[in-house]
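If you use my numbering, the sequence shown corresponds to residues 816 to 1414, in order.
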Amino acid sequence: MENTDRNQQITKISQVTPEVTLFLRGLGFSDYYIIKIFALVGEAAIALTEDNPYWLLDEFPAMKFDKADKAAKVMGIEEDSSYRIEAAIRHGLSVYVAGGNTFVAAREFCAQIAGFLDLSRENVEDVMEDMALTGDLQLTVLGGREVLYFYGYYKTECQIISRIVQMKDAAPPKLFANMDAVIAKAEAKGSVKLSAQQTDAVKNSLCRGISVITGGPGTGKTTIINTLINIMEAGGLKVAVAAPTGRAAKRITQTGGKAAVTVHRLLEYYYDEEAHSMAFGRNAYNPLDYDVVIIDEASMMDLMLMGAVCRALKPEGRLIMTGDADQLPSVGAGNVLGDLIESGYIYTSRLTEIYRQESESKIVLNAHRINQGRYPEYGGDFVLVSADKQQEILQKIIELASRWPLDQVQVLTPTKKGILGSLNLNENLQNVFNPPDKEKAEISFGAKIYRAGDRVMQIKNNYRLEYRRKDGKSGKGIFNGETGTVSAVYPDDRKLVVEYDDDRWVEYPYVQLDEIELAYAVTVHKSQGSEFPVVIIPMSWFPPALATRNLIYTAVTRGKKKVVIVGRGDYFNAMVDNVQTGRRNSGLKERLINIYEGI
């Protein structure tokens, strides 16, 4: 898809050539998509679409299959065309991956696609097998059934298993033979006294190639990490500390003393112009120059990022993963931390003791009560504001949120849609924190309005999105979940500028405004890895798949100083009772068990 016009700064339909506009309009595309397509590939849009209109689904994941399918019908492409079937298979499998799964049951999936396309199952099976032969897909047997992967996910899963087995089976390092002495020295340096549980976690992490430390808030994970760093660095080892998100890395740096970076930055990510995808400068051919890598907030690690870490570790490198396995799993596909722990073959230190400085916090105590299936106790820094109807809950949230400065409060909700969903909450909260002002420029995008001063969030990974810093340096890559503030709006040029954390400025032309949304309220999933002084949570009826114990546990543990529940306490209790987790299809656990049990 080489084209010199790729990624032009096109913001208006008048900037698109008449030929492309006429062609794409004839296929039923709106001006919005015409602008995006032309900005991406320029005049090559005609040739590419004439060759195979389904290419658009790969480049624009948010595009519905029906849109490309209607264009194909206008162009006379047959319903049983291999182009159409391949596109439906890729699109359908992508939907499962977006839901956190790394594979699907092949037989059931094939039947779904056949029904969706109104074709025979044999038609779909033939194309699926051809795609497996060409390396697009992987058909394999797992747990006694045939399953289907995108080949990249299958390969990554196998690479992770290979590296984990290598680290697990490596001979224990001899550097820390007298562990009691080195731990005592580290305690003195850090002015801490480890509990027996913490001491065991430190010892086990020191003598293993790969280990996991998991525990809820207030259980001393940070103390353990700092102790491990002190011991290892005193022993001459080079240690890196990383986290999946910038906010999590910043928090680790503030609480631990050693600078932490994002996993992407540790691996030296960059945008590969030839492959049109993200790549990492650190890999098997250029491994990390660290003896030990510690990854905090490891529950947020998805399969592909874990694979990149495993490839980048030097042959004798060691990996320590810390986090809270009871939180929601990663936004991306996979269940890495959960699979490693549940396999029973990766040594795991489970921290359960709450330490003195946290023992008076109702937030911490209630987080542990929730995790144990017990209902919360209200009072102090954990408050219930009673309300019944959803509209009443909404109004109370608006009134409560206005009591704190914007940088002190965050509304978290289980869902995006509905009266208490993030979209509606944001529209209302924007009017509180950043109301219309004739002196303030604004830009509309669909039903959304953006003004200077708005809090926003990037909602998809964009590895080619350019940013600049105040010092003049620039780079590429803004990731799903990063938050910032709109610093400038240019209505005439149809663009705005967002200032992200750690001094990065990004310019968004109109066609890229679908990549951000207001962030006065965010879903609990999007809040992972972040902490806020005050968290406000609506509590009403939500679909059972969302109203789960691990979701409310994750939400509550985002609050540092105060958690305010607005709504009905009985719905909160129902969430505590609901242990439904929406089990993901992920193969790490089963593959580890198969290896060590000789299956």
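Every residue, glycine too, gets a C-beta built ideally from N, C-alpha and C. Remember, it's a predicted structure, so these values are computed and weren't measured experimentally.
Straight-line CA distance for residue i to residue j?
i       : j       : result
Thr1167 : Gly1030 : 6 Å
Ile1028 : Ile1274 : 30 Å
Gly843  : Ile850  : 14 Å
Arg1066 : Glu858  : 46 Å
Asn770  : Glu1207 : No information on residue 770 is available, as it lies outside the stretch 816 to 1414 that the chain covers here.
Ala929  : Asp945  : 16 Å
Leu948  : Arg1399 : 26 Å
Thr1163 : Lys1231 : 35 Å
Ala920  : His1091 : 30 Å
Thr1300 : Leu1244 : 15 Å
Ile1046 : Ile1039 : 11 Å
Met816  : Glu1281 : Caution is warranted here: a pLDDT of 42 is assigned to Met816, below 50, making its placement in the model unreliable, and no coordinate value can be reported.
Ala1011 : Ile998  : 12 Å
Lys1326 : Arg1279 : The sequence given here places Val at residue 1326; Lys does not occur at that position. Near 14 Å, if we compare the C-alpha coordinates of Arg1279 and Val1326.
Leu1215 : Phe1197 : 14 Å
Gln1205 : Val1394 : 24 Å
Leu1328 : Asp1269 : 14 Å
Cys973  : Thr955  : 12 Å
Lys1263 : Glu1332 : 8 Å
Kindly indicate the opening and closing residues of the beta strand (DSSP E) around residue i.
i       : result
Arg960  : Arg960 to Phe965
Arg1266 : Lys1263 to Arg1266
Ser1201 : Phe1197 to Ser1201
Thr1228 : Val1224 to Thr1228
Leu1280 : Asn1277 to Arg1283
Asp1087 : Tyr1084 to Asp1087
Ala1303 : Thr1298 to Tyr1305
Phe1095 : Ser1092 to Phe1095
Gln953  : Leu952 to Leu957
Glu1314 : Lys1310 to Tyr1315
Ser1289 : Ser1289 to Ile1293
Arg1383 : First-last for Arg1383: undefined, no H or E at that position.
Val1179 : Per DSSP, Val1179 belongs to no beta strand (DSSP E); it is in the alpha helix (DSSP H), Lys1177 to Asn1186.
Ile1234 : It is not in any beta strand (DSSP E) - Ile1234 carries neither H nor E in the DSSP assignment.
Count the other CB atoms within 10 Å of the CB of residue i; is the residue buried (16 or more) or exposed (fewer)?
i       : result
Asp1139 : buried
Gly800  : Given a span of 816 to 1414 for the chain in the structure shown, any question on residue 800 remains unanswerable.
Val1304 : buried
Asp1041 : Asp is not the amino acid found at residue 1041; the sequence shown has Asn there. Buried, because 16 or more other Cβ atoms sit within 10 Å of the Cβ of Asn1041.
Ala996  : exposed
Ala1063 : buried
Gly1261 : exposed
Met1121 : buried
Leu837  : exposed
Glu1141 : Reading off the sequence shown, one finds Asp at residue 1141, where the question assumed Glu. That one is buried.
Met1272 : buried
Ser897  : exposed
Ile1185 : buried
Pro1059 : buried
Met1354 : buried
Between which two residues does the alpha helix (DSSP H) containing residue i stretch?
i       : result
Ala1256 : Ala1256 -> no alpha helix (DSSP H), and no H or E assigned at all.
Gln1210 : Gln1205 to Ala1216
Val1119 : Rather than Val, the amino acid found at residue 1119 in this sequence is Met. That run of the alpha helix (DSSP H) goes Leu1118 to Ala1127.
Lys1404 : Leu1403 to Tyr1411
Gln1245 : Ser1237 to Phe1248
Ile850  : Asp846 to Val856
So that I know if they touch, is there some Cβ in chain E lying closer than 8 Å to that of residue i?
i       : result
Ala1075 : Included in the structure is just one protein chain, with no chain E present.
Along the chain, which unbroken stretches of the alpha helix (DSSP H) at least 4 residues long are found entirely within the stretch 865-931? Qualifying alpha helix (DSSP H) stretches, in chain order: 870-874, 880-889 and 897-913.
Between the stretch 1335-1344 and the stretch 1366-1381, do three or more beta carbon pairs fall short of 8 Å? Judged by Cβ distances under 8 Å, the stretch 1335-1344 makes contact with the stretch 1366-1381, as three or more pairs qualify.
Ignoring anything shorter than 3 residues or poking outside the stretch 1004-1068, list the beta strand (DSSP E) runs there in chain order. Here the runs fully enclosed are 1025-1030 and 1054-1058.
At which residue ranges does the stretch 1320-1380 contain complete alpha helix (DSSP H) runs of 4 or more residues, listed in the order of the chain? Whole alpha helix (DSSP H) segments, 4+ residues: 1364-1371.
Three or more C-beta pairs closer than 8 Å, one from the stretch 1149-1168 and one from the stretch 1102-1121: is that the case here? Contact between the stretch 1149-1168 and the stretch 1102-1121 is present, with at least three C-beta pairs closer than 8 Å.
Would the stretch 1068-1087 and the stretch 1282-1299 be scored as touching if the rule is three or more Cβ pairs under 8 Å? The stretch 1068-1087 makes contact with the stretch 1282-1299; the number of CB pairs closer than 8 Å reaches 3 or more.
Assess, as a yes-or-no matter, whether the stretch 1313-1326 is touched by the stretch 1352-1359 under the definition of 3 or more beta carbon pairs within less than 8 Å. Short answer: they don't touch.
Quick check: the stretch 1176-1190 against the stretch 997-1013, are there 3 or more CB pairs under 8 Å? Taking 8 Å as the limit for Cβ pairs, the verdict is that the stretch 997-1013 does not touch the stretch 1176-1190.
Does the stretch 881-890 come close enough to the stretch 853-872 to have 3 or more Cβ pairs within less than 8 Å? Short answer: they touch.
Are the stretch 1209-1228 and the stretch 1346-1355 in contact at 8 Å, needing three or more beta carbon pairs? By the C-beta criterion, the stretch 1209-1228 is judged to be in contact with the stretch 1346-1355, since at least 3 inter-stretch pairs fall below 8 Å.
At least three beta-carbon pairs within less than 8 Å, the stretch 904-920 to the stretch 951-970: Three or more beta-carbon pairs separated by less than 8 Å link the stretch 904-920 to the stretch 951-970, which places the two stretches in contact.
Give the list of continuous alpha helix (DSSP H) stretches no shorter than 4 residues that lie fully inside the stretch 1131-1165. Runs found: 1151-1158.
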